[in-house]
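These notes are about the structure you will find just below.
Chains as they are written, first to last, in my numbering: chain A, 3 to 117; chain B, 37 to 150.
And the structure:
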């Protein structure tokens, strides 16, 4: 069973640029969530995708956007990068089912540095 | 507002000492609770989870946690820590249904001295 993978591992961008981060979900999982983990903080929920539709969003501006593909992999896009966007971006996959809680499995993250 | 609080930001223990890390949550409705661990250079791994039933939950590597609904707490415990338990520990809360987003605490860095 393949776990959650993310690419790239590290990325350096400058202010104003755009970035795309990628995530392959764990086999059998239909839901992908993205989190931002700033240094010294816990992960903060950005948004979630279920069956290719955004299924909830945290307190992040519209320049953070995403996609989920038919194979359940996902992209996180950030436009007009700001210095404060420097963080570890985590992808988590899970299998959503009716009426019950479910656990999320996290990937290793992409370390984004904005200069 | 939904929130998760972890009281201890840094904890230093000697091997064989007992561990208790505090976690309190504020969450409307049915809540699912989790403890994750992040070893140096590795990704977040699930230690244990509580969905319903027995409030004393046992996880991997000898960890356990107790859900106390009246205190809105889900503290993590281990009777005897090892050097290999050095890591950062995160408490998280999620809803019982609906958009499944986790609220994480700020984490506790545990250092175990050999």
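Note that the Cβ used here is the ideal one computed from N, Cα and C, for glycine as well.
Quiz item: Of all the beta strand (DSSP E) runs that stay within the bounds of the stretch 15-92 of chain A, which reach a length of 3 or more residues?
Solution: 21-26, 33-39, 46-52, 55-59, 66-70 and 76-80
Self-check item: Residue-level contact to chain A via CB, residue 103(B), 8 angstroms cutoff
Solution: In the second chain, residue 103(B) corresponds to position 67, counting from 1. So no, residue 103(B) is outside the interface.
Quiz item: Name the chain B residues that come within less than 7 angstroms of residue 106(A), Cβ to Cβ?
Solution: Against the first chain, residue 106(A) aligns to sequence position 104. Within chain B, the residues near residue 106(A) are 138.
Self-check item: Contact set between the stretch 44-72 of chain A and chain B, restricted to residues whose Cβ is under 8 angstroms from the partner
Solution: 44, 45, 46, 47, 50, 57, 58 and 60
Quiz prompt | Contact with chain A by residue 46(B), beta-carbon distance below 8 angstroms | solution = By one-based count along the second chain, residue 46(B) stands at place 10. Cβ-Cβ to chain A under 8 angstroms: no for residue 46(B).
Practice problem: Show which residues of chain A have a CB atom less than 9 angstroms away from the CB atom of residue 126(B). | Solution: Counted from its first residue, the second chain places residue 126(B) at position 90. What residue 126(B) touches in chain A: 44 and 45.
Quiz item: Apart from the five residues on each side of it in sequence, which residues of its chain come closer than 7 angstroms, Cβ to Cβ, to residue 82(B)?
Solution: On the second chain, residue 82(B) is found 46 positions in, with the first residue counted as 1. Counting only residues of its own chain and dropping the five nearest sequence neighbours on each side, residue 82(B) has a CB closer than 7 angstroms to the CB of 70 and 72.
Quiz item: By how many angstroms is the C-alpha of residue 149(B) removed from the C-alpha of residue 77(A)?
Solution: Residue mapping note: residue 77(A) aligns to position 75 of the first chain, counting from 1. Residue mapping note: residue 149(B) aligns to position 113 of the second chain, counting from 1. So the alpha carbons of these two residues sit roughly 41 angstroms apart.
Quiz item: For residue 96(A) and chain B, any beta-carbon pair shorter than 8 angstroms?
Solution: Here residue 96(A) refers to the residue found at position 94 when the first chain is read from its first residue. Taking Cβ atoms only, chain B reaches closer than 8 angstroms to residue 96(A), which makes this a yes.
Practice problem: Would you tell me roughly how many angstroms separate the C-alpha atoms of residue 93(B) and residue 141(B), rounded to the nearest one? | Solution: The count along the second chain starts at 1 and reaches residue 93(B) at position 57. The count along the second chain starts at 1 and reaches residue 141(B) at position 105. If you draw a straight line from the Cα of residue 93(B) to the Cα of residue 141(B), it is about 19 angstroms long.
Quiz item: With contact counted as at least three CB pairs below 8 angstroms, one residue from each stretch, are the stretch 59-66 of chain A and the stretch 78-88 of chain A in contact?
Solution: yes
Self-check item: Within chain B, the residues that residue 110(A) reaches when beta carbons sit closer than 7 angstroms
Solution: Here residue 110(A) refers to the residue found at position 108 when the first chain is read from its first residue. Correct list: 79.
Quiz item: Taking 7 angstroms as the cut-off, does the CB of residue 69(A) come closer than this to any heavy atom belonging to the ligand GTP?
Solution: With respect to small molecules bound, the structure shown includes none, and the ligand GTP cannot be examined in it.
Exercise. Taking only beta-carbon positions, decide if residue 35(A) is within less than 8 angstroms of chain B.
Key: Taking the first residue of the first chain as position 1, residue 35(A) is located at position 33. Yes, because at least one Cβ of chain B sits closer than 8 angstroms to the Cβ of residue 35(A).
Quiz item: Checking contacts by CB at 8 angstroms: is residue 108(B) closer than that to chain A?
Solution: Residue 108(B) sits at position 72 when you count from the first residue of the second chain. Residue 108(B) does not count as touching chain A.
Practice problem: Determine the chain A residues that contact residue 70(B) at a beta-carbon separation under 9 angstroms, and present them in chain order. | Solution: For this step, residue 70(B) is matched to residue 34 along the second chain. Result: 105 and 106.
Practice problem: Express the C-alpha separation of residue 106(B) and residue 12(A) in angstroms, rounding to a whole number. | Solution: Within the first chain, numbered from 1, the residue matching residue 12(A) stands at position 10. Within the second chain, numbered from 1, the residue matching residue 106(B) stands at position 70. Straight-line Cα distance between these residues: approximately 43 angstroms.
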